[in-house]
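K.L.:
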Amino acid sequence: GAGVSQSPSNKVTEKGKDVELRCDPISGHTALYWYRQSLGQGLEFLIYFQGNSAPDKSGLPSDRFSAERTGGSVSTLTIQRTQQEDSAVYLCASSLGRESPLHFGNGTRLTVT
Amino acid sequence: AQSVTQLDSQVPVFEEAPVELRCNYSSSVSVYLFWYVQYPNQGLQLLLKYLSGSTLVKGINGFEAEFNKSQTSFHLRKPSVHISDTAEYFCAVSPINTDKLIFGTGTRLQVFP
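Chains A and B are the protein sequences, given in the same order. Counting in my numbering, the first sequence runs from -7 upward without gaps. Counting in my numbering, the second sequence runs from 118 upward without gaps.
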């Protein structure tokens, strides 16, 4: 069956521009997670959703970052006024719940020039 | 708040040798524990998990991990590694009262012939 789909796979943007990253989770998965993976930094937790609500937004690096999920399905991560330090691979994962394995997408590689 | 520490960023080992990848965590509440693996140019996949019961858990590809509550550790072991085990290994922790999942910075296992 279809896995977690992320788009775009690559995004190059100029400093100061806004970007929107999209995640289509596996159908029926109630939990959805966003992580950022930078070289040598591992997976940095950003936010997770249970259904449409985000119980924990503590990982968002600044108020330039926001995320939403609609219909218990698609999620978008928006970065406003991008900075060079935002360059990283942004990973989305979904699961039936944290006791179940997370299924990761292939990520969006964001490069801010 | 929860945190995960993987002290070894890289572990080089010869084929057929035993290996242990260390993971320590910090949490004020009980946790579930996980190991994920990322093979070169692939997404993360679940290796094994501890939810409750026996503190020794077995995963895929001959790996096992032992939960030690007093030492707040969840070290990953394999008695004899193979070249194909070369990958990045991530330890993760989730408090039992939420779905938040926090990853460590990863340990790169490099197996040499």
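Glycine is no exception: its CB is placed at the ideal position from the N, C-alpha and C atoms.
Apart from the five residues just before and just after A/Ile18, which ones in its own chain have a Cβ nearer than 8 Å to its Cβ?
P.N.:
Result list for A/Ile18: Gly(-7), Ala(-6), Gly(-5), Val(-4), Ser86, His95, in chain order.
K.L.:
Consider the Cβ of A/Leu35: report whether some Cβ of chain B lies at a distance smaller than 9 Å.
P.N.:
Yes - at least one Cβ of chain B is within 9 Å of the one on A/Leu35.
K.L.:
Going by C-alpha distance, which of B/Val130, B/Ser143, B/Glu132 is nearest B/Gly221?
P.N.:
Comparing Cα-Cα distances from B/Gly221 to each of B/Val130, B/Ser143, B/Glu132, the minimum goes to B/Ser143.
K.L.:
Would you say A/Tyr82 lies against chain B (beta-carbon separation less than 9 Å)?
P.N.:
Answer no: the Cβ-Cβ gap between A/Tyr82 and chain B never drops below 9 Å.
K.L.:
Which residues in the same chain as A/Leu88 place their Cβ atom closer than 8 Å to its Cβ, once the five residues preceding and following it in sequence are excluded?
P.N.:
Gly20, His21, Thr22, Ala23, listed in sequence order.
K.L.:
Can you pull the chain A residues whose beta carbon is under 9 Å from the beta carbon of B/Lys217, in chain order?
P.N.:
Residues of chain A passing the Cβ test: Tyr25, Phe37, Tyr40, Pro47, Asp48, Ser50, Gly51, Arg90.
K.L.:
Run the CB neighbour count on B/Tyr153, radius 10 Å, all protein chains shown included, and call it buried at 16 or more, exposed below.
P.N.:
Buried.
K.L.:
Does A/Gly99 have its Cβ less than 9 Å from a Cβ in chain B?
P.N.:
Chain B contact via Cβ: present.
K.L.:
Using C-beta distances below 8 Å, list every residue in its chain close to B/Ala134, excluding the 5 sequence neighbours before and after it, in chain order.
P.N.:
The answer, listed in chain order, is Ser197, Val198.
K.L.:
So A/Phe96 contacts chain B; which residues on that side make the cut at Cβ distance below 7 Å?
P.N.:
Those are Gly160, Leu161, listed as they occur along chain B.
K.L.:
Closer than 9 Å by beta-carbon distance: list the chain B residues that pair up with A/Pro93, in chain order.
P.N.:
Chain B residues near A/Pro93: Phe151, Tyr153, Gln162, Leu163, Lys166.
K.L.:
Compare the C-beta of A/Ala85 against all C-beta atoms of chain B and say whether one is closer than 9 Å.
P.N.:
For A/Ala85, the answer is yes, since a Cβ of chain B falls inside 9 Å of its Cβ.
K.L.:
With B/Val121 and B/Ile219 assumed to form a contact (beta carbons below 8 Å), what rounded beta-carbon distance in angstroms separates them?
P.N.:
The Cβ separation is near 6 Å, so the contact holds.
K.L.:
Can you confirm whether the segment -2 to 12 of chain A touches the segment 68 to 78 of chain A when touching is taken to mean that 3 or more C-beta pairs between the two stretches lie within less than 8 Å?
P.N.:
In short, these stretches touch, since the Cβ pair count reaches three.
K.L.:
Reducing DSSP to helix, strand and coil, say where A/Asp16 ends up.
P.N.:
Reduced to three states, the DSSP call for A/Asp16 is strand.
K.L.:
What residue range is occupied by the uninterrupted beta strand (DSSP E) comprising A/Thr68?
P.N.:
Start and end: 67 to 71.
K.L.:
If I follow the unbroken beta strand (DSSP E) through A/Ala85, where does it start and stop?
P.N.:
Run containing A/Ala85: 80 to 87, per the beta strand (DSSP E) assignment.
K.L.:
Output needed in chain order: residues of the segment 119 to 153 of chain B with a Cβ under 7 Å from some Cβ in chain A.
P.N.:
Those would be Tyr149, in chain order.
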